[in-house]
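Worksheet for the structure shown next.
Residue numbers (my numbering): 613 to 705.
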């Protein structure tokens, strides 16, 4: 297949270096580089997938872990309101 491509200067330099090092034509050098790129993608996808094994949190039955987030949010909101009311009192006095 014939096509026209525009290479970034650094990519062209890498290809031309490989051409000279391996005594290949531009076409051969480009095809090998593309094959290497695709083969590394294929080999990466065939690697064993990363699996996360869940661990028990040790919470008693009936405890809602999302409730901890709500509690933290409520405490943070309360702290912000306290700070803002203090700043307002200081600015009015």
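For every residue, glycine included, the Cβ atom is placed at its ideal position computed from N, Cα and C. Note that this is a predicted model, so its numbers are computed, not measured.
Item, Value
"Between the C-alpha atoms of residue 687 and residue 664, what's the straight-line distance to the nearest angstrom?", "31 Å"
"Distance, Cα to Cα, residue 674 vs residue 685?", "21 Å"
"Classify residue 703 as buried or exposed, calling it buried when 16 or more other Cβ atoms lie within 10 Å of its own Cβ.", "exposed"
"Name the residue from 625, 642, 624, 631 whose alpha carbon lies nearest to the alpha carbon of residue 614.", "642"
"Do you know offhand how far residue 617's Cα is from residue 662's?", "37 Å"
"For residue 631, tell me which candidate among 645, 619, 659, 620 has the shortest Cα-Cα distance.", "645"
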